[in-house]
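K.L.:
One structure, as structure tokens, below. Some questions next.
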Amino acid sequence: MLRIKVVILGIVAVLICSAAEAAVLLDRVVAIVNQEVITWSELYREMEAEAVPQLKETNEEERMRIFKESEPFFLDKLIGMRLQLQEAKNMGVRVTNDELQDAIDGIMKKYSMSDEEFKESLKKEGYSFDEYRKKLREQIMINKIVNNQVRSKIVVDEKEIERYLAQEKTKLDDGEGFVISQIFLPKPEDEGDRDRLEEEAAYILEKLADGESFEELAMKYSQDPSAKTGGKIGFIRKKELMGDFKDVVSGLKPGQVSRPFWTERGLHIIRLDENIAPKDPKDVREEVKEKLTEQLFSKKYEAWVK
């Protein structure tokens, strides 16, 4: 059995301090994991790297206050990573230079970056290229040991999938729906204004029949937030639609525009932009399998790390 010794030392953080004092704090040892140290600078670097952009833009005092509150979580994470790296090395896991380069090439391709742009982005994040290579190599090593020790040993039984499908049938998303745009006129407070609103809708419909752009008419007449984007609402699941709205949309073909119709909210003119077909049962089954696999992986992974 692997014997693990972890010593967590008192972490000292000062919200306002001099540059000299800060330098001392940044080099402070905060934990010892099997004779390997974790320093305050490493802990701070980890928090800084994962901070959301809004946090990075805050002043130093506020950022340090938030980091102070996050210390236990990130220290636990660093200890876990250090233990996994040690286990990987003990088991002879290695990352070749070709594997490392392939990973870097994949990242640059994903974000359409040149070598210069990539290195410049690392510089903005406070990393040299060599530091990033070291960090990425460690991440790949951890992925390898986790796949070997945890993920590869997970098997989801077909009976579990069947049980989940039966229990969650009403909640499963079959993917069927519509991509729609609309021109919306809200219901008037005075019932006597309904005729006026219907006349306005009929006028808009005439404009559409004359070839005027749905998007331009939506931006001009619609009183819905979607007016700003030319009436585009986007994808709506079929099972989320109710009553007349569902009946009207279901009766349209892609590109067709509905007659004006009333709902409790007001008067609608709908254009069906696209029909989204329901998912293949095999795809739904595969999604359930992936979900159950990830749930089981999370439990097994936590137990393995502990």
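Numbering (this note's numbering), first residue to last: 21 to 326. No residue lacks a Cβ here, since even glycine has one placed at the ideal position from N, Cα and C. Remember, predicted model here, so these are calculated numbers, not experimental data.
On the DSSP bridge list, what partners appear for residue 174?
P.N.:
The sequence position of residue 174 within the sequence shown is 154, counting from 1. DSSP output for residue 174 lists no bridge partner at all.
K.L.:
Consult DSSP for residue 209 and reduce its assignment to one of helix, strand or coil.
P.N.:
Along the sequence shown, read from residue 1 onward, the residue named residue 209 stands at position 189. Three-state result, residue 209: coil.
K.L.:
Which word fits residue 251, buried or exposed, when buried means at least 16 other C-beta atoms lie within 10 angstroms of its C-beta?
P.N.:
Here residue 251 refers to the residue found at position 231 of the sequence shown. Buried: at least 16 other Cβ atoms inside 10 Å.
K.L.:
Is the CB-CB distance between residue 268 and residue 296 below 8 Å?
P.N.:
Translated into the one-based positions of the sequence shown, residue 268 becomes position 248. Translated into the one-based positions of the sequence shown, residue 296 becomes position 276. For residue 268 and residue 296, no; Cβs fall outside 8 Å.
K.L.:
Could you check whether the Cβ of residue 147 sits closer than 7 Å to any heavy atom belonging to the ligand ATP?
P.N.:
The ligand ATP is absent from the structure shown, which contains no ligand whatsoever.
K.L.:
Which two residues bound the contiguous alpha helix (DSSP H) that contains residue 313?
P.N.:
The count along the sequence shown starts at 1 and reaches residue 313 at position 293. Boundaries of the alpha helix (DSSP H) around residue 313: 301-325.
K.L.:
Starting from residue 202, follow its DSSP beta bridges and name the residues at the other end.
P.N.:
Mapped onto the sequence shown, residue 202 falls at position 182. Per DSSP, 290.
K.L.:
Taking DSSP as the reference, what is the three-state secondary structure of residue 163?
P.N.:
Here the question's residue 163 lines up with position 143 in the sequence shown. DSSP places residue 163 in helix when its eight states are reduced to three.
K.L.:
Does residue 78 come out as helix, strand or coil in the three-state DSSP assignment?
P.N.:
The residue you call residue 78 lines up with position 58 of the sequence shown. Coil.
K.L.:
Compute the beta-carbon to beta-carbon distance between residue 176 and residue 312, rounded to the nearest angstrom, for a pair I have assumed lies under 8 Å.
P.N.:
The sequence position of residue 176 within the sequence shown is 156, counting from 1. The sequence position of residue 312 within the sequence shown is 292, counting from 1. About 5 Å separates the two Cβ atoms, so the contact holds.
K.L.:
Count the other C-beta atoms from every protein chain shown that fall within 10 angstroms of the C-beta of residue 86, then say buried if there are 16 or more, exposed otherwise.
P.N.:
To locate residue 86, count along the sequence shown from 1; it is residue 66. Flag for residue 86 reads exposed.
K.L.:
Using a 10 Å radius around the Cβ and a threshold of 16 neighbouring Cβ atoms, would you call residue 43 buried or exposed?
P.N.:
Within the sequence shown, residue 43 is the residue found at index 23, counting from 1. Its pLDDT being 45, under 50, residue 43 is placed unreliably by the model, and the measurement read from it follows with that caveat. With fewer than 16 other Cβ atoms within 10 Å, it is exposed.
K.L.:
So what does DSSP say about residue 253, is it helix, strand or coil?
P.N.:
Counting from one through the sequence shown, the residue named residue 253 turns up at place 233. Here residue 253 sits in strand by DSSP.
K.L.:
Near residue 322, what residues of its chain come up, given a Cβ to Cβ distance below 7 Å and the 5 sequence neighbours on each side ignored?
P.N.:
Working through the sequence shown from its first residue, we reach residue 322 at position 302. Excluding positions up to five away in sequence, the list is empty.
K.L.:
Grouping DSSP H, G and I as helix and E and B as strand, with all else coil, what is residue 146?
P.N.:
On the sequence shown, residue 146 is found 126 positions in, with the first residue counted as 1. Residue state, collapsed to three classes: coil.
K.L.:
Taking the alpha-carbon of residue 253 as reference, which of 239, 201 and 217 has the nearest alpha-carbon?
P.N.:
By 1-based counting over the sequence shown, the position of residue 253 is 233. When each option's Cα is compared against that of residue 253, the closest is 201.
K.L.:
Who are the near neighbours of residue 115 in its chain, counting only those whose CB is closer than 7 Å to its CB and skipping five residues on each side?
P.N.:
The sequence position of residue 115 within the sequence shown is 95, counting from 1. Same-chain partners within the cutoff: 157, 160 and 161.
K.L.:
Opposite residue 282 in the DSSP bridges: which residues?
P.N.:
Along the sequence shown, one-based indexing puts residue 282 at 262. Paired residue(s): 287.
K.L.:
Secondary structure at residue 197, three-state DSSP: helix, strand or coil?
P.N.:
On the sequence shown, residue 197 is found 177 positions in, with the first residue counted as 1. Looking at residue 197 - three-state DSSP - the assignment turns out to be strand.
K.L.:
Going by DSSP in three states, residue 51 sits in which element: helix, strand or coil?
P.N.:
If you number the sequence shown from 1, residue 51 lands on position 31. DSSP places residue 51 in strand when its eight states are reduced to three.
K.L.:
Compute the Euclidean distance between the alpha carbons of residue 228 and residue 260, then round it to the nearest angstrom.
P.N.:
Residue 228 sits at position 208 when you count from the first residue of the sequence shown. Residue 260 sits at position 240 when you count from the first residue of the sequence shown. Each residue's Cα considered, the two are about 28 Å apart.
K.L.:
Please list the terminal residues of the continuous alpha helix (DSSP H) segment that includes residue 57.
P.N.:
Taking the sequence shown and counting its residues from 1, the one referred to as residue 57 is at position 37. Premise fails: residue 57 lies in the beta strand (DSSP E), 56-59, not in any alpha helix (DSSP H).
K.L.:
What residues in its chain sit with their C-beta under 7 Å from that of residue 101, if we drop five residues either side in the sequence?
P.N.:
Position 81 of the sequence shown, counted from the first residue, corresponds to residue 101. Excluding sequence neighbours, residue 101 sits near 162.
K.L.:
Tell me the residue span of the alpha helix (DSSP H) that contains residue 130.
P.N.:
Within the sequence shown, numbered from 1, the residue matching residue 130 stands at position 110. First-last of the alpha helix (DSSP H) with residue 130: 117-130.
K.L.:
Taking the CB atoms as reference points, tell me whether residue 145 and residue 69 lie closer together than 8 Å.
P.N.:
Position 125 of the sequence shown holds residue 145. Position 49 of the sequence shown holds residue 69. Against a cut-off of 8 Å, the Cβ pair of residue 69 and residue 145 comes out as a contact.
K.L.:
Secondary structure at residue 72, three-state DSSP: helix, strand or coil?
P.N.:
Residue numbering aside, residue 72 sits at position 52 when the sequence shown is read from its first letter. Coil.
K.L.:
Could you spell out the range, first to last residue, of the alpha helix (DSSP H) harbouring residue 236?
P.N.:
In the sequence shown, counting from the first residue as 1, residue 236 sits at position 216. Run containing residue 236: 234-241, per the alpha helix (DSSP H) assignment.
K.L.:
Between residue 147 and the rest of its own chain, which residues show a CB-CB distance below 6 Å, the 5 nearest in sequence each way excluded?
P.N.:
Numbered from 1 along the sequence shown, position 127 holds the residue referred to as residue 147. Excluding residues within five positions, none has a Cβ falling inside 6 Å.
K.L.:
If you drop the 5 nearest sequence neighbours on each side, which residues of the same chain put their C-beta closer than 7 Å to that of residue 307?
P.N.:
By one-based count along the sequence shown, residue 307 stands at place 287. Around residue 307: no qualifying Cβ.
K.L.:
Return the CA-CA distance between residue 185 and residue 198, expressed in angstroms with no decimal places.
P.N.:
Locating residue 185 in the sequence shown gives position 165, where the first residue counts as 1. Locating residue 198 in the sequence shown gives position 178, where the first residue counts as 1. Pairing residue 185 with residue 198, the inter-Cα distance amounts to about 24 Å.
K.L.:
Which of the three DSSP states, helix, strand or coil, is assigned to residue 277?
P.N.:
Along the sequence shown, one-based indexing puts residue 277 at 257. Residue 277: strand per DSSP, three-state reduction.
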